[in-house]
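Number 96 in the UniProt record's numbering belongs to position 96 of the sequence shown; there are no gaps in the numbering. Built from N, CA and C at the ideal position, the CB exists for glycine as well. For clarity, every value in this text was computed on a predicted model and none was experimentally measured.
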Amino acid sequence: MSIKLPTYSFKIVVLGESAVGKTSILLRFHKNQFSTQLEPTIGASHVQKSINMTDCHIQLLIWDTAGQEQYHSLAPMYYRGARGALIVYDRTNYKSFERAKDWIKELKSKGSPNVRIVLVGNKIDLETNNVDTSEALTYAKENDMLFFETSAKTGEGIQEAFLALVKLLPKKD
Ligand code: GDP
Ligand code: MG
Numbered sequence: 001m002s003i004k005l006p007t008y009s010f011k012i013v014v015l016g017e018s019a020v021g022k023t024s025i026l027l028r029f030h031k032n033q034f035s036t037q038l039e040p041t042i043g044a045s046h047v048q049k050s051i052n053m054t055d056c057h058i059q060l061l062i063w064d065t066a067g068q069e070q071y072h073s074l075a076p077m078y079y080r081g082a083r084g085a086l087i088v089y090d091r092t093n094y095k096s097f098e099r100a101k102d103w104i105k106e107l108k109s110k111g112s113p114n115v116r117i118v119l120v121g122n123k124i125d126l127e128t129n130n131v132d133t134s135e136a137l138t139y140a141k142e143n144d145m146l147f148f149e150t151s152a153k154t155g156e157g158i159q160e161a162f163l164a165l166v167k168l169l170p171k172k173d
């Protein structure tokens with residue numbers, strides 16, 4: 001006997017300053033690959049990923065930016081209907097953490113009212129650490145977000161960050 005599990009589909013967006021590793025995080029999650037030679041403008045505009053949970057199937061449609069984030073003006077269709085977001089900064093670059101806060105404000109004002117957010121500090125494989133973990137964690141807690149530190153290069157924390165986001169998303173039939 002087989003039991004048919006429900007399938008839920010969600011749109012998710014990945015936001016953050018240019019070069020923090022958004023496309024790399026997607027590539028790691030989607031294909032378990034890493035490349036040092038990604039062009040800023042390369043990257044699918046969206047990627048589909050299926051996840052089998054114990055009680056349901058999840059179909060994720062994950063939107064990446066193809067360089068538009070440099071101009072700080074993303075088309076409304078980018079946010080529209082997005083139920084969750086990964087907001088990424090580069091842990092070697094404090095300014096990118098400040099920019100992450102701006103993206104969070106923008107998403108909250110332009111995006112879905114109940115959008116769930118995971119804050120991601122990427123490039124933890126590098127020695128340089130310019131963003132204090134406790135500062136980022138405190139900021140995330142104050143703003144109702146989960147927080148993960150990741151490396152798209154080694155893969156550390158990537159699955160965990162996406163799965164945590166998926167678990168936050170309300171599932172309705
Ligand atoms: P995006 O502009 O935010 O999409 O950033 P990219 O994914 O294009 O990455 C920008 C640069 O950072 C590329 O050279 C990547 O190889 C590099 N990069 C991305 N993630 C990591 C990481 O976790 N560790 C290291 N060392 N480099 C990374
Ligand atoms: Mg990119």
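Relative to ligand 4, is the shortest distance from any of its heavy atoms to the C-beta of N122 smaller than 6 Å? In terms of ligand content, the structure shown lacks ligand 4 and carries ligand 1 and ligand 2 instead.
Take the Cβ of L15 as the centre, count every other Cβ of all protein chains shown within 10 Å, and call the residue buried at 16 or more, exposed below. buried
Report yes if the C-beta of T54 is less than 6 Å from at least one heavy atom of ligand 2; otherwise report no. no
With DSSP collapsed to three states, give me the class of W158. Position check: residue 158 holds Ile in this sequence, whereas Trp was assumed. The answer is helix: DSSP assigns I158 an H, G or I state.
If contact is defined by three or more beta carbon pairs under 8 Å, each pair taking one atom from either stretch, is the stretch 114–125 in contact with the stretch 57–74? no
Contact set for P76: own chain, Cβ-Cβ below 8 Å, skip 5 residues either direction: K110
Do you know offhand how far W103's Cα is from L5's? 35 Å
Distance between I12 and Q70 (C-alpha atoms, nearest Å): 20 Å
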